[in-house]
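Single-structure report; data block below.
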Amino acid sequence: MAPTEKYLNSSVFLFRIAQPDAPPKPIFGNAAMAAPRLQPDELPFLAVLPESEQVLAVSLLEIRSQISLYSVQRSQLQQDRVPWRRIVGVEDKVREFAVHGDDLYVISAKNAPRFRVLKTSLAKPDLDNASVVVPQGTAVVANIAAAADALYIRLLDGGTNRLLRLPHGTSRTQEIAMPFPGSIRMAYAEVTRPGVLLEIAGWTRARGYYSYDPAQARLTRLDLQPPGPFDAPDRLVVQMVKVTSHDGVLVPLTIVRQQGVALDASNPAILAGYGAYGFSFEPYFDPRWLAWLERGGIYAVAHVRGGGEYGEDWHQGGFQKTKPNTWKDLIACAGYLIAQRYTRPERLGLLGGSAGGILVGRAMTERPDLFAAVVANVGALDMIRMEITPAGPGNVDEFGSVKTEAGFAALLAMSTYHHLQDQVRYPGVMLVHGVNDPRVPVWASAKTAARLQATTTSGRPVLLRLDYQAGHGIGSSAPQRRSEFADTLAFMLWQFGDLN
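Each residue of the sequence shown is one higher than the one before, counting from 4 in the numbering used here.
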């Protein structure tokens with residue numbers, strides 16, 4: 004098998020616990036179906052619906068965040084060839100679904116770049132003539148969940164979240180007030196029970212669990228995870244501003260700092276971002292950041308194009324040939340922090356990981372004078388060669404392919420390694436990588452570190468921090484994460500001249 008085929012052509016198998024010696028039976032995917040065939044990079048799984056004789060198969064195009072849906076009667080899973088019927092296709096641009104009785108709800112981007120919620124019959128689905136239960140609005144429809152009483156809808160409104168409730172059988176939504184502005188995760192909803200369990204977090208509040216009771220119209224914090232002594236510090240300030248980018252587009256910038264911090268350009272500042280896959284950088288507080296904020300540090304997040312803060316249009320604005328907007332947005336946000344005297348170039352660092360390595364790497368190569376330090380964690384730094392890696396084929400939709408002229412040009416433009424120039428005063432750089440990374444190979448950081456060491460004339464360090472017991476970071480232990488975070492802050496302060 005070629006390395007690029009490692010994660011392709013997945014299938015779902017039925018394994019009977021009571022028959023451990025029987026071979027697993029393929030029931031969905033290309034190993035089980037002659038037609039319709041799935042694309043090689045689609046990820047299949049099953050959704051067994053409570054209170055229903057129907058079973059849904061889901062095929063996910065992860066990079067696009069789009070799904071196809073197939074249905075079958077539960078009893079038909081026993082047949083040699085399961086007769087799956089496709090009810091939602093890629094052309095419908097569906098990202099999520101929920102089921103209540105015979106009602107099939109989907110979030111669709113078709114003719115709606117900020118998404119809308121459609122309803123059709125599960126028994127006789129017809130999306131072309133589906134009811135629009137939540138039309139496209141100024142906010143992005145992010146998630147849905149069905150409970151016994153209602154459909155719950157999470158909206159993303161430029162970085163913060165809102166929650167709507169649509170009682171079954173009605174057409175008017177109700178907004179549920181949140182205890183503070185922040186992010187919402189619908190942790191649990193069940194069609195046999197009313198209400199919804201939420202996980203809510205803010206930029207200065209650690210996540211907590213809340214239960215919504217529709218009978219009382221009340222949101223109550225639960226004691227599943229009691230607040231810790233550092234989960235809601237009262238001396239932190241959050242500012243959300245809009246920064247004008249190179250082409251006039253307004254880019255959201257979140258700034259977190261302690262009360263009383265003087266805007267005299269002396270503060271150490273870290274500017275973070277991501278900007279890919281339509282992923283939104285939403286409010287989240289990690290108490291470890293207090294070590295930075297309590298010493299007068301600034302923590303800022305640039306919600307650059309390529310993310311999903313304003314829907315699919317925002318994503319497409321930092322996508323393939325438009326990818327330069329991501330790092331130009333970041334540069335504009337850095338310029339704002341400097342112009343408003345939050346910090347100055349000698350006290351400003353960049354932080355990004357994975358596809359965020361494109362963001363911080365290219366901002367560094369384009370404006371090395373703006374930053375004193377850059378930390379890229381498992382960064383995608385050589386985009387020309389990414390397509391030949393195991394995770395490469397699945398990322399072609401997002402970044403482009405070297406097999407086409409337009410794709411090669413887009414990839415070259417976003418490749419940090421290929422934009423490193425001789426005799427340039429680059430900032431201090433620390434490239435962090437898990438040696439066992441299955442998504443971004445460690446050689447991407449290794450070769451970039453070597454090239455930086457050969458080209459920079461600033462005298463600042465170029466470090467390669469490798470963890471031989473780590474990968475892309477998803478499975479890292481708490482001690483590993485703490486150690487990496489401490490090294491990141493220490494490196495930033497070192498480059499800023501804070502040696503105490």
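No residue lacks a Cβ here, since even glycine has one placed at the ideal position from N, Cα and C.
Please read all numbers here as calculations on a predicted model, not as lab measurements.
Within 8 angstroms, strictly: CB atoms of Ala383 and Val443: yes
Contact under 8 angstroms by Cβ, Pro47 with Ser68: no
Where the alpha helix (DSSP H) containing Gly309 begins and where it ends: Segment: none, Gly309 is in no alpha helix (DSSP H) and carries neither H nor E.
For Met367, the residue or residues it bridges with in DSSP: For Met367, which the question treats as bridged, DSSP gives no partner whatsoever.
Assumed close pair Pro348, Asp332 - CB separation to whole angstroms, cut-off 8 angstroms: No, Pro348 and Asp332 are not in contact; Cβ-Cβ is about 18 angstroms, not under 8 angstroms.
contact_flag[the segment 186-201, the segment 209-228] where n(CB pairs < 8 angstroms) is 3 or more: yes
Buried versus exposed, by CB contacts within 10 Å (16 or more), Gly281: buried
Rounded C-alpha distance that separates Ser404 from Ile361: 16 angstroms
Whole-angstrom C-beta distance between Ser74 and Gln59, which should lie under 8 angstroms: First, the residue type needs correcting, since residue 59 is Leu and not Gln in the sequence shown. Their Cβ separation, rounded to whole angstroms, is 6 angstroms, which keeps Leu59 and Ser74 in contact under 8 angstroms.
Coil, strand or helix - Val252 by DSSP: coil
Nearest candidate by alpha-carbon position, reference Asp250, set Asp106, Ile187, Ala413, Trp330: Trp330
Supposed contact pair Leu414 and Met386 - C-beta distance, whole angstroms, cut 8 angstroms: 4 angstroms
With 16 other Cβ atoms within 10 Å as the buried cut-off, status of Leu353: buried
Residue burial classification, Arg344 (beta-carbon count within 10 angstroms, cutoff 16): exposed
Among Phe488, Gln81, Glu312, Gln483, nearest to Thr257 - alpha-carbon criterion: Glu312
Same chain, Cβ closer than 6 angstroms to Gln456, five either side skipped, listed in chain order: Val465
Buried versus exposed, by CB contacts within 10 Å (16 or more), Thr460: exposed
Rounded distance between the beta-carbons of Ala268 and Ile301, thought under 8 angstroms: The Cβ separation is near 11 angstroms, so there is no contact.
contact_flag[the segment 179-195, the segment 284-293] where n(CB pairs < 8 angstroms) is 3 or more: yes
Whole-Å CB distance - Arg463 paired with Gly437, under 8 angstroms assumed: Contact doesn't hold; Cβ gap of about 24 angstroms is too wide.
Unbroken stretches of the beta strand (DSSP E), 3 residues or longer, contained in the segment 178-210: 186-191, 199-204
Residue burial classification, Pro128 (beta-carbon count within 10 angstroms, cutoff 16): buried
6 angstroms Cβ shell around Val97 - same chain, five flanking residues per side excluded: Ile70, Val91, Val109, Ser111
Rounded separation between Asn439 and Val252 - CA only: 39 angstroms
Rounded straight-line distance, which links the Cα of Pro27 to that of Leu41: 20 angstroms
Inter-residue CB distance, Val240 and Gln262 (contact presumed, cutoff 8 angstroms): 5 angstroms
C-alpha distance - Ala467 paired with Thr491, whole-angstrom precision: Correcting the residue identity first, residue 467 is Leu in this sequence and not Ala. The alpha-carbon atoms of Leu467 and Thr491 are separated by roughly 12 angstroms.
Sequence-distant residues of its chain with Cβ nearer than 7 angstroms to Arg119 (five each side left out): Ser111, Val135, Val137, Pro138, Gln139, Val144
For Val246 and Ala335, believed in contact at Cβ under 8 angstroms, the rounded distance: 5 angstroms
DSSP bridge partner residues for Ser480 (one or two, in chain order): In the DSSP output, where bridge partners are listed per residue, Ser480 has none listed.
Endpoints, the alpha helix (DSSP H) within which Pro327 is located: 327-342
C-alpha gap between Trp309 and Ala21, whole angstroms: The sequence as given places Gly at residue 309; Trp does not occur at that position. Computed Cα separation, rounded: 48 angstroms.
Counterpart residues of Ile258 in DSSP-defined beta bridges: Gln242, Ala303
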